[in-house]
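For reference, the structure discussed in these notes is given below.
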Amino acid sequence: MSPDRGRASTDDGRVVADILLATHRRGDLLREMLSSLAGADDLDGVRQILLIENGARDGSEDVAREFEGVLPIRYEFVEEANKSAALNEGLLMSDADLLIFFDDDVRVSPGTIAAYVDAAQRCGRGHFFGGRLTPWYEGEPPPQWLIPALPYTATGFDLGPEEIPHHEFMGPNWAAFRQDLVEIGGFSTRLGPGSGLVGQETEAQSRLTAHGVQGVFLPGAHVEHFVPAHNLTVDWVRRRRYRHMLGRALRARDSYEGPRIASVPRFLWRSYVEELLRVARDRLLRPYTEERVRGELRLMKVRAQIASHRLEVRGETVAGGDLSEGAEGSKGAHQRSD
């Protein structure tokens, strides 16, 4: 898609960006994240930092006040404890060209914001962007046998030194044109923190791609992502894999026409029994190894697939965004903190 799809908010044609940051009960990490932005020297293209606390007022507003006069920060509160709902509110509150998405548990490296704004200026609408991510471990790095089972947000994401096309980026570090996000309906509140499932950024990026928007990897956009010690355990990996695979299975509409038992394809029940017996045997006979962890994750995948079929019978789905068709005319229909 050509750059002339979009507009710029300034008279001289420069792209104007807002940083959109959803937060929930992470005051200390939020303070460190905002400190990294305060130390940046490339905020010229950023009009405001939209800090949206969701679910409970738990000190984020006080943290925001610490940076008044240092950062162009605007605090808002959304009652629903759901990250996607907070991001959708941000889409309605902003009228910037570009939205840069960071999580409240990252440290933003120098040059990152300039990389996003410069790429948006060059490429124009019809593109979205993502950058590199380095893990920032609370404690020791994970054991080698666990690394293949961990998500990129816990092990790192880097596609190399060149700017190249790519279709999927890490939720803690990416950017998109606001109007492109509005046109696909924003973020699905049935995915992401607060929903019980994961993957709302991935699902939104998938819909952007289907809408004809091209992803571009930017090596100059980099964050460090905090990884708590409890996220480097087999129990956490199992739970996350289940939530990830359940969301993925619900997004993929089923076309299976073979025999079913209790609304679930019969072959899945067979796979479940086989994987369950294999895992039970491994737990008795094997220490943790990469192969044993793979078996645990296969079991979680089959469990999620079974659950998705039972949910589909009740008509539940996670596909698509939740902004209404009248979203562009709904600005101001949010709760102001002041």
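Per the numbering used here, the very first residue in the sequence shown carries number 130; after that it's consecutive. Note that the Cβ used here is the ideal one computed from N, Cα and C, for glycine as well.
For P277, the three-state secondary structure derived from DSSP is helix. Pairing Y204 with S189, the inter-Cα distance amounts to about 8 angstroms. Here H296 has T338 and G344 as same chain residues with Cβ atoms under 6 angstroms from its own Cβ, once five neighbours each way along the sequence are excluded.
In the DSSP assignment, A151 falls within the unbroken beta strand (DSSP E) covering A146 to T152. Nearest C-alpha to L163 among S223, T284 and D232: D232. By the neighbour-count criterion, in which a residue is buried when 16 or more other Cβ atoms sit within 10 angstroms of its Cβ, G260 is buried. By DSSP's assignment, T263 forms a beta bridge with E353.
Burial check for Q334: the Cβ neighbour count within 10 Å reaches 16 or more, so the residue is buried. For the 8 angstroms CB-CB criterion, Y385 and R432 do not form a contact.
Note on geometry: alpha-carbon atoms of H354 and F316 lie some 22 angstroms from one another. Listed in chain order, the alpha helix (DSSP H) elements of length 4 or more contained wholly in the segment 175–259 are 189–195, 212–222 and 241–252.
With a contact defined as Cβ atoms closer than 8 angstroms, L179 and I229 miss out at about 10 angstroms. When DSSP reads this structure, P294 sits in a beta bridge with V345. In this structure, A249 and V144 form a Cβ contact; the two beta carbons are roughly 5 angstroms apart against a cut-off of 8 angstroms. In this structure, the straight-line span from the alpha carbon of Y245 to that of E403 is close to 48 angstroms. Under the three-state reduction of DSSP output, R367 falls in the helix class. By the Cβ neighbour-count rule, S392 is exposed, with fewer than 16 other Cβ atoms within 10 Å of its own.
DSSP, read as helix, strand or coil, puts A433 in helix.
Scanning G253, H351 and G174 for the CA closest to the CA of P290 turns up H351. For A167, no beta strand (DSSP E) encloses it; the enclosing alpha helix (DSSP H) starts and ends at G156 to A167.
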